[in-house]
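A short worksheet on the structure shown next.
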Amino acid sequence: AIDVASAMSFLHTSDPVVIHRDLKSSNLLVDRNMNVKVADLGLGRMMEGSMLTASKNSVNSPRWMAPEYLRGEPTDQGMDVFSYGVVLWELLTLQVPWSELSNTWQVMHVVAE
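Okay, so the sequence shown: first residue is 1 according to full-length UniProt numbering, each after it adds one.
What follows is the structure in structure tokens.
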């Protein structure tokens, strides 16, 4: 968990700031020394100004995405912090949040409210 927080801190304090936008457990790689690396910056974006806005086709992993992002509102590093909280939830409970919901749209509705 500390390795992930360190990686996010590095991205969020770089110049320009980088927002991962798809932080989730499947994007965390563990090496043989048990060091965790954050992978898949395919949705990552550098911030130009103080906020990012979601595009309609950028919703990839709603169980890990911040409510404001799913609502299409401007967001910032806080969206990665929310995703990190979901990853911590998984570590503590060994369950993905909202796993009882059967499809992406149900998850988006619950998380966005």
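Note that beta-carbon positions come from the ideal geometry of N, C-alpha and C, so glycine has one too.
Keep in mind the model is a prediction, meaning the values are calculated, not measured.
query	result
Cβ-heavy atom distance, residue 96 to the ligand PLP, below 7 Å	Among the components of this structure there are no ligands whatsoever, and the ligand PLP is therefore not found.
Inter-stretch contact at 8 Å, needing at least 3 Cβ pairs: the segment 82-101 / the segment 10-29	yes
In DSSP terms, what residue 4 is bridged to	Answer is none; residue 4 lacks a bridge partner.
Backbone secondary structure at residue 70 - three-state DSSP	helix
For residue 96, three-class secondary structure by DSSP	coil
Contact belief for residue 98 with residue 87 at Cβ below 8 Å, rounded distance in angstroms	Incorrect: roughly 14 Å between the Cβ atoms, too far for contact.
Residue 16 burial status per 10 Å Cβ neighbour count (16 or more: buried)	exposed
Alpha-carbon spacing of residue 9 relative to residue 2, whole angstroms	10 Å
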